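Protein chains in written order, with our numbering: chain F, 30 to 128; chain E, 282 to 672.
All C-beta atoms, glycine included, are put in the ideal place defined by N, C-alpha and C.
Fair warning: this is a prediction, and the values are worked out from it, not measured in the lab.
Heads up: the structure comes next, in structure tokens.
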């Protein structure tokens, strides 16, 4: 967890706080400060992919059946997917309430 | 053998930059730094220096270009003064945080306003907290010599920090002095070609200057603090080896007749030479006065300052800048705080002198040496005085 958010000793920081590995930010968990997360009702979903297109953090990815699945590792809970969904089948749910 | 020539200090410094064989010069002309940059542009245009001269549109761009070039692995030189430092200061902080060994000369000049092109230490103090190493030269020979020392220190893999070499504007930068120009063979012996530690390279991509979230920022600042402090042994080694090569040895604090002195005046920059003349006169009259001249400003030479001043009864610190509404000048404030935890300490008083080109004369130093004694016995809570003010 400490490494995930970049929390290391000052002695271990690379020279000039440079990032030495390209793309390493993909390992930083940035979805840890949302208060709500999206839940999709797949009975209503028409596979239009609006959530996939509009999500600013590329949380959604297509499944084999053609639906779109959320990986909440990067989700900030902004609600853009729920707002843009033409069938209103995405609900923003309080974090922790559905665990 | 070194050759001794009569030469304007700014031109000598530009020649030193040529001898250091820099790859990139990015600088914007500003009085009193102009002659350095002008001469460098001539050297590049005439093919005497094989470097990229970037005629930038501002000091902000000068420092930005310097950072870009240094990040690509180039040896970089730039120069500025007062208002120019103010305009570039945002990027000056970035250079040290990226640990890029850029060398910058400052011909010290007062900050406006009122508009002043003349000398004081406004710009040194403006750059004080930027994480750069800073040295202050007293005369032209020192300034010429400090260019080689600066690259030697800054580029050392145990240091990797940018460095400002200071000289007083006009009083040093524009005078013609007899300067020993080093033989190129000696320069090459002292200063090896730049061996970068980390650079931007498409074959091995890295990110320089990413955001530092609260989880990282404190550690990054700690790393910079430790790097600046840890640079001191390399600074001393660089001076020692320069002395072995040229016979000119430099120290973080230079003392003059301080050993038996009851009164010591502390100076930084060219007024140290006037102070020594004043001390000679006062000694002839039987007064035990000495001078301590600060050459290394960042990292601050705590041990050397304490060693130089601890046996004196009265210390008068001469600042060439004032922190308005504070407790005087930055140099005196720092020295006073350094002595607070010492078991015995001299009486320390601060004189603000030589603002915006006002002369600081031998008579001024005689008055300061005498005033610091009478102030000590006056039980006054006064911490500093601006001298030479017309009422």
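Helix, strand or coil, according to DSSP, for residue 73(F) in the structure here?
Sequence index remark: in the first chain, residue 73(F) carries index 44 (1-based). Three-state DSSP puts residue 73(F) in coil, outside helix and strand.
Identify which residue in 590(E), 393(E), 435(E) has its Cα closest to the Cα of residue 513(E).
On the second chain, residue 513(E) is found 232 positions in, with the first residue counted as 1. Here the closest residue by C-alpha is 435(E).
Residues in the segment 482-496 of chain E with C-beta within 7 Å of chain F's C-beta atoms, listed in sequence order?
486, 487, 488, 489, 491, 493, 494, 496
Quick check on the DSSP output: what are the complete alpha helix (DSSP H) runs of length 4 or more inside the segment 497-557 of chain E, in order along the chain?
513-527
DSSP-derived helix/strand/coil call for residue 65(F)
Reading the first chain from its first residue, position 36 is the one you call residue 65(F). Strand at residue 65(F).
For a contact defined as C-beta to C-beta under 7 Å, what are the partners of residue 39(F) on chain E?
Position 10 of the first chain, counted from the start, is the residue given in the question as residue 39(F). Ordered by position in chain E, the residues that pass the 7 Å Cβ test against residue 39(F) are 500, 503, 504.
Kindly list the residues whose CB is nearer than 6 Å to the CB of residue 347(E), restricted to its own chain and excluding five residues on each side of it in sequence; keep chain order.
Numbered from 1 along the second chain, position 66 holds the residue referred to as residue 347(E). The residues are 307, 357, 359, 383.
Quick check: is the beta carbon of residue 300(E) nearer than 7 Å to any beta carbon in chain F?
Numbered from its first residue, the second chain carries residue 300(E) at position 19. Not closer than 7 Å to any Cβ of chain F, the Cβ of residue 300(E) fails to qualify, so no.
Pairs of beta-carbons, one from the segment 370-388 of chain E and one from the segment 500-520 of chain E, closer than 8 Å: are there three or more?
yes
Would you mind working out which of 644(E), 583(E), 497(E) sits nearest residue 558(E), comparing C-alpha positions?
Taking the first residue of the second chain as position 1, residue 558(E) is located at position 277. Cα-wise, what sits closest to residue 558(E) is 644(E).
For chain F, find out if any of its Cβ atoms is closer than 7 Å to the Cβ of residue 379(E); answer yes or no.
As a working mapping, residue 379(E) is identified with position 98 in the second chain. Yes - at least one Cβ of chain F is within 7 Å of the one on residue 379(E).
Could you check which residue in 489(E), 511(E), 587(E), 334(E) has the C-alpha nearest to that of residue 621(E)?
In the second chain, counting from the first residue as 1, residue 621(E) sits at position 340. The residue with the shortest Cα to Cα distance from residue 621(E) is 587(E).
Residues of the segment 414-442 of chain E with a CB closer than 9 Å to any CB of chain F: list them in chain order, please.
441
Given residue 393(E), which residues of its chain have a CB within under 8 Å of its CB, disregarding the five upstream and five downstream residues?
Along the second chain, one-based indexing puts residue 393(E) at 112. The residues are 363, 364.
Could you tell me which residues DSSP puts in a beta bridge with residue 415(E)?
Looking up residue 415(E) in the second chain gives position 134. DSSP, once it has assigned bridges, lists 445(E), 579(E) as partnering residue 415(E).
In this structure, how does DSSP classify residue 422(E) when only helix, strand and coil are distinguished?
Stepping through the second chain from its first residue, residue 422(E) is reached at position 141. In the structure shown, residue 422(E) sits in a helix (DSSP, three-state: H, G or I).
Residue 104(F) versus residue 117(F): straight-line alpha-carbon distance, rounded:
The residue given as residue 104(F) occupies position 75 in the first chain. The residue given as residue 117(F) occupies position 88 in the first chain. One alpha carbon belongs to residue 104(F), the other to residue 117(F), and they sit about 19 Å apart.
Is residue 77(F) buried or exposed, if buried means 16 or more other CB atoms sit within 10 Å of its CB?
Start at 1 with the first residue of the first chain, and residue 77(F) comes out as number 48. With fewer than 16 Cβ atoms within 10 Å of its Cβ, residue 77(F) is classed as exposed.
Starting from residue 388(E), follow its DSSP beta bridges and name the residues at the other end.
Residue 388(E) sits at position 107 when you count from the first residue of the second chain. Answer is 448(E), bridged to residue 388(E).
In DSSP terms, what residue 361(E) is bridged to
Position 80 of the second chain, counted from the start, is the residue given in the question as residue 361(E). Answer is 387(E).
Anything in the segment 458-484 of chain E with a Cβ closer than 8 Å to a Cβ of chain F? List those residues in chain order, please.
The residues in question are 478, 479.
C-beta atoms of residue 472(E) and residue 429(E) nearer than 7 Å
Counting from one through the second chain, the residue named residue 472(E) turns up at place 191. Counting from one through the second chain, the residue named residue 429(E) turns up at place 148. Contact flag set, yes.
Using 8 Å as the threshold, is the segment 109-116 of chain F in touch with the segment 291-311 of chain E, meaning 3 or more CB pairs across them?
no
Buried versus exposed call for residue 632(E) [16 or more other C-beta atoms within 10 Å across all chains shown]
On the second chain, position 351 is the one that residue 632(E) refers to. Burial call: buried.
Quick check on the DSSP output: the alpha helix (DSSP H) that includes residue 651(E) runs from which residue to which?
The residue you call residue 651(E) lines up with position 370 of the second chain. Residue 651(E) -> alpha helix (DSSP H) spans 643-657.
Listed by chain order, chain E residues near residue 60(F) by CB distance under 9 Å:
As a working mapping, residue 60(F) is identified with position 31 in the first chain. Within 9 Å Cβ-Cβ: nothing; residue 60(F) doesn't reach chain E, min ~15 Å.
Going by DSSP, what residues sit across from residue 335(E) in a beta bridge?
Sequence index remark: in the second chain, residue 335(E) carries index 54 (1-based). For residue 335(E), DSSP records a beta bridge to 307(E).
Evaluate the contact criterion for the segment 566-576 of chain E versus the segment 542-556 of chain E: three or more CB pairs, one atom per stretch, below 8 Å.
Under the Cβ criterion (8 Å, minimum of three pairs), the segment 566-576 of chain E counts as touching the segment 542-556 of chain E.
Determine the direct distance from the alpha carbon of residue 450(E) to that of residue 419(E), and round the result to whole angstroms.
Counting from 1 along the second chain, the entry for residue 419(E) is found at position 138. Counting from 1 along the second chain, the entry for residue 450(E) is found at position 169. Taking the straight line joining both Cα atoms gives about 11 Å.
Is residue 115(F) helix, strand or coil when you go by DSSP?
Counting from one through the first chain, the residue named residue 115(F) turns up at place 86. Here residue 115(F) sits in coil by DSSP.
Considering Cα atoms alone, identify which of 368(E), 352(E), 647(E), 659(E) is closest to residue 481(E).
Residue numbering aside, residue 481(E) sits at position 200 when the second chain is read from its first letter. For the residues 368(E), 352(E), 647(E), 659(E), the minimum Cα distance to residue 481(E) belongs to 352(E).
If you run the structure through DSSP and keep just helix, strand and coil, what is residue 292(E)?
Numbered from 1 along the second chain, position 11 holds the residue referred to as residue 292(E). Residue 292(E) falls in the helix class under three-state DSSP.
Would you say residue 567(E) and residue 649(E) are within 7 Å of each other, going by their C-beta atoms?
The residue given as residue 567(E) occupies position 286 in the second chain. The residue given as residue 649(E) occupies position 368 in the second chain. No, these two residues do not count as a Cβ contact at 7 Å.
With a cut-off of 7 Å, does the C-beta of residue 85(F) fall near any C-beta of chain E?
Mapped onto the first chain, residue 85(F) falls at position 56. No, no contact with chain E.
To the nearest angstrom, report how far apart residue 412(E) and residue 582(E) are at their CA atoms.
Position 131 of the second chain, counted from the start, is the residue given in the question as residue 412(E). Position 301 of the second chain, counted from the start, is the residue given in the question as residue 582(E). If you take the alpha carbons of residue 412(E) and residue 582(E), they lie about 15 Å apart.
Alpha-carbon to alpha-carbon, residue 561(E) and residue 613(E):
Here the question's residue 613(E) lines up with position 332 in the second chain. Here the question's residue 561(E) lines up with position 280 in the second chain. Pairing residue 613(E) with residue 561(E), the inter-Cα distance amounts to about 24 Å.
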